[in-house]
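Comments concern the structure below.
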Amino acid sequence: MSAILPPSELIWWKTPIGKEEIIWIVLALTWCMIMFAMMPIWHIYGKQNLSNEAYKTTPVQYEAKVTAMVEQHTIRTQSVGGVNVPVVAPPAGSDVYMLGRLWSWYPMLEFKKGESYRLHLSSLDWQHGFSLQPININLQVVPEYEMVITITPDTSGEFTIVCNEYCGILHHTMLGKIYVTE
Amino acid sequence: MSKYRICPDTGLYFDRSGEGLMKANAVAGAVALLVGGILALLVGLTRWPAIHYLGASDFYMVLTAHGINALIFWLIFFEIAILYFASSTLLRCRLATPRWAWAGFALMLIGAVMTNVAIFQGNSSVMMTSYAPMEAAPHFYLGMILFAVGALIGCFVFLGTLVIAKEEKTYHGSIPLVTFGALTACIIAVFTIASGAIILIPSFLWSVGLIGQIDALMYRVIWWGMGHSSQQLNVAAQVSVWYAVAAIVFGAKPMSEKVSRTAFLLYIFFLQLASAHHILADPGVSSTWKIFNTSYAMYLAVLASMIHGLTVPGSMEVAQRKKGFTNGLFEWLRKAPWGNPVFSGIFLSIITFGFLGGITGVVMGTEQINLIIHNTFYVPGHFHATVVLGTTLTFMALTYFLIPVLFRREIIMPGLAKWQPYLFAGGMTILAIFMMGAGTLGVPRRHWDVGFAQAAEMGLKFEFPGSAEMMLGLVGIGSVIAVIGGALYLVITVGSLLFGKKLEESAGLMQSFGFATLAPSCYTSEKIEPVKGPAADLEEHGSAGFEAPGTFILAMLLLVTFVVYYFINWKYLSSVWPMG
Amino acid sequence: MSEEKEERVPAMQRLLDNHFLLLFIGVTMPTVFYILWGVMEIVSIPIAK
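Protein chains in written order, with the numbering used here: chain A, -14 to 167; chain B, 52 to 631; chain C, 12 to 60.
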């Protein structure tokens, strides 16, 4: 009788179970149900959820939306390696488009603290990882898919978007900026 | 020559054709571990900011190869050996179609070499995940496909052996619990390989230009059906080995066949759904799908792991108490054979897998909590605790049993072998904890330079807090210690195979660890005594109606840690920007 | 032994001893709930305007 031999009884299903096993199974199952309930509960009462809103798109179509927003709401530019990158301040509550590409996030954004924005994310080429630091919100950015989340910055300052999905040889240089003003 | 060899020490039956296959697969696995381990050192030294050893392109190439060799090739080769052991040896049955098994082995070998060649040629630094539309060389995919086909043949040989054993009535009643666990691993492997085929074959055709495009999101979902399930099959295999070692070292019997087998059944039903862990931060897949799949359908596979976490050490405790170690809650554990690496490796694996790997896996697999963890350094921290401390350490411990029993060699340097599991587990624990710590601070995984020096030159500045750099340094130190532990394992095992004293006649194989009890009676199925159920021993060996009170206390400690850590992470999540 | 044989094997034990049924369930469950459902989710993502 051991785990490496066939069970000694032909019918082992009816062998009684020890006390600690029963107590442990009940406790563990209860805990599992609590953990399971936490996710729907957080959707109702929690403030940090991922929306289910997403669209199938194309790089060309998405880039056009980004360009349109940049043309309308650019407030200044910031030089990155000799290139002037627009900093865009879209109105509160509006649709904001950001794209990831090899190897930059474009454009830079400026938000007002406490206001909500519909942030759209997509990639023009490979997959990228939107990692907002030092807040630490992490989203997967997938080409041909446009993700929409409503985001409400509640702290002000300068925030950096690190790419945390490996995207080739200069992956580690891919940074973007979001500024939040009071 | 007889078709079987009966191990004089253990009474185990080895089918001669199966024996060769077990050896070949185990050795091929060890070679993959050697490659993966050397690369691990290079990765560790590069992510250690003070050293930053490799250049960027070498780093990404080496990291790709490290992942594939250590996470896929080493483990699956070794698992095929375990499948053959659990079927042909434990059922005392000839292995089905040894020629097919050799063909499968050859395919796996060719595939593994081919993929490695593709990576080291430099044009396939795509990481283990090779996310489309990032493209690798065609033979990168082809190698993976060949490897998978070979592994699938191995699974069918295992299933075929079960059929033969049943028809030839080599056993009576149900298959042993360990074989049942191996069956669980095999079933998960079949799904793993099927998912792999669905996604890797089109990727191969795409890389040679026969298909225009691979949908990136579709690729992610199906690839993880393979990528995550292949780790779940590790869990099933590793838990089977835990049960086997409890039987081998202690002569322990399962506390309850019913409970343990039902737990494996929950694995078969639900474990593979957790592939969704990787899709939680993805666009377009609904929360309903995410919640159902990421929770293994209401965490029923987590329940199963928690059950194994109680019943494996619990069965050891019961066996030890029967031997007279009945004082207090933990005499059975204090007086366990800590100098026997078969035991110490397994016990360290159980503890670290539960407390470090298991808890963090469930926490980060929570739909919303994943938002603060996805793709950070926390992720490899977690899976080094599950796959390395869990599976690799378990397989290392099992090797110390297989060398005398399967390879019939005495283990050389037993004094060092005693320390090997502690060294490896210690280094890996440091590494896993500080990887997770750095990840909590936002440090990304798969990243050559978290100091962002090149970006700063262009005018984009960002620095992680100083504590992140310190933790990365500790990760580097942990990796060096673990690599030394891993190297020791390879030196001892390969050295034993080459130079260890040959064991032909009966020889006391475990005496070299100062541990003689091999519980020989546990190998003889003839001496079956009717079991009256656990109630029979309660008063005598346990306390307060518990058979294994010490284990129960440890399990409660795990549960409390689990609950506290789980809610700490919700608290952290609630502090980030509101989003929805 | 013979007495036990006469006793009917419980359904759950028969399920656990039926290896190929387990194989079928173990492959079907994730194929349906993870892969097929997941693919349907992706296919039904609306097209951006």
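Using N, Cα and C, we set each Cβ at its ideal position, and we do this for glycine too. All values reported here derive from a predicted model rather than from experimental measurement.
With a Cβ-Cβ cutoff of 8 angstroms, do VAL413(B) and VAL353(B) count as a contact? yes
Is it buried or exposed for ASP80(A), if we count other Cβ within 10 angstroms and need 16 for buried? exposed
Identity of the residue in ASN121(A), PHE115(A), THR140(A) nearest ALA489(B) by Cα: ASN121(A)
Below 6 angstroms CB to CB, which residues in the same chain sit around PRO44(A) once its five sequence neighbours on both sides are set aside? LEU109
On the DSSP letters alone, give me the boundaries of the beta strand (DSSP E) that TYR64(B) sits inside. 64 to 66
Counting C-beta neighbours from all protein chains within 10 Å, is the total for VAL54(C) 16 or more, i.e. buried, or is it exposed? exposed
By the three-class DSSP mapping on this structure, what secondary structure does GLU461(B) have? coil
Through-space distance from LEU380(B) to ALA22(C), alpha-carbon basis: 38 angstroms
Look up GLY171(A) in the DSSP assignment and give the residues it is bridged to. Examination of residue 171(A) is not possible in this model, given that chain A is present from -14 through 167 alone.
HIS223(B): buried (16+ other C-beta within 10 angstroms of its C-beta) or exposed? exposed
Residue of MET306(B), ALA355(B), THR491(B), LEU122(B) minimising C-alpha distance to ALA163(B): LEU122(B)
Which residues in chain A have a C-beta closer than 9 angstroms to the C-beta of VAL63(C)? List them in chain order. Residue 63(C) lies beyond the residue range present for chain C, which begins at 12 and ends at 60; the question has no answer from this structure.
From the beta carbon of LEU34(C), is the nearest beta carbon of chain B less than 8 angstroms away? yes
Assign LEU47(C) to buried or exposed, taking buried as 16 or more other Cβ atoms, counted over all protein chains shown, within 10 Å of its Cβ. exposed
Assuming ALA77(A) contacts TYR102(A) (C-beta within less than 8 angstroms), just tell me the rounded distance between them. 7 angstroms
Does the separation of the CB atoms of GLU308(B) and THR15(A) fall below 8 angstroms? no
In whole angstroms, what is the alpha-carbon distance linking VAL531(B) and MET165(B)? 28 angstroms
Assign GLU577(B) to one of two classes, buried (16 or more other C-beta atoms within 10 Å of its C-beta) or exposed (fewer than that). Annotation note: pLDDT 34 at GLU577(B) (below 50); position unreliable, coordinate value reported separately. GLU577(B) should be labelled exposed.
Straight-line Cα distance separating LEU(-10)(A) from TYR574(B): Any reading at TYR574(B) must be qualified, since the residue scores a pLDDT of 34, below 50, and its modelled position is unreliable; no value is offered.
Residues near ALA147(B) by beta carbon distance below 6 angstroms, same chain, minus five either side: VAL208, GLY211, THR212, ILE215
Write down the C-beta distance between ASN123(A) and LEU422(B) rounded to the nearest angstrom, noting that I regard them as a contact closer than 8 angstroms. 6 angstroms
Opposite PHE96(A) in the DSSP bridges: which residues? VAL165(A)
Determine the extent of the alpha helix (DSSP H) in which TRP99(B) is found, giving its start and end residues. Neither: TRP99(B) is in no alpha helix (DSSP H) and is coded neither H nor E.
What are the uninterrupted segments assigned as beta strand (DSSP E) that are 3 or more residues long and contained completely in the stretch 41 to 90 of chain A, given in chain order? 59 to 65, 68 to 73, 80 to 86
Relative to chain C, which residues along the stretch 224 to 255 of chain B have a C-beta separation below 9 angstroms, given in chain order? GLY224, SER225, ILE226, PHE231, LEU234, THR235, CYS237, ILE238, ILE239, VAL241, PHE242, ALA245, SER246, ILE249
Cβ-based contacts, 7 angstroms cut-off: residues of the stretch 329 to 340 of chain B near chain C: GLY335, VAL336, SER337, TRP340
Could you have a look at THR135(A) and say whether DSSP puts it in helix, strand or coil? strand
Could you please give the first and the last residue of the uninterrupted beta strand (DSSP E) stretch that includes ARG4(B)? Nothing can be reported for residue 4(B), as the shown portion of chain B is limited to 52 through 631.
Can you list, in chain order, the residues of its chain with a C-beta nearer than 8 angstroms to that of LEU624(B)? Leave out the 5 residues immediately preceding and following it. GLN419, ILE420, LEU422, ILE423
Under the three-state reduction of DSSP, which class applies to MET630(B): helix, strand or coil? strand
ARG47(C): contacting residues in chain B (beta-carbon distance under 7 angstroms): Note on identity: in this sequence residue 47(C) is Leu, with Arg being the wrong assignment. Going along chain B, no residue has its Cβ under 7 angstroms from LEU47(C), so there is no contact; the nearest lies around 10 angstroms.
Who does ILE58(C) pair with in a DSSP beta bridge? LYS41(A)
With DSSP run on the structure shown, which of helix, strand or coil describes HIS359(B)? helix
For PRO472(B) and ALA169(B), the rounded distance between their alpha carbons: 33 angstroms
Using a C-beta to C-beta distance shorter than 9 angstroms, which residues of chain C count as neighbours of THR42(A)? ILE58, ALA59
Does GLY396(B) get closer than 8 angstroms to chain A when you measure Cβ to Cβ? no
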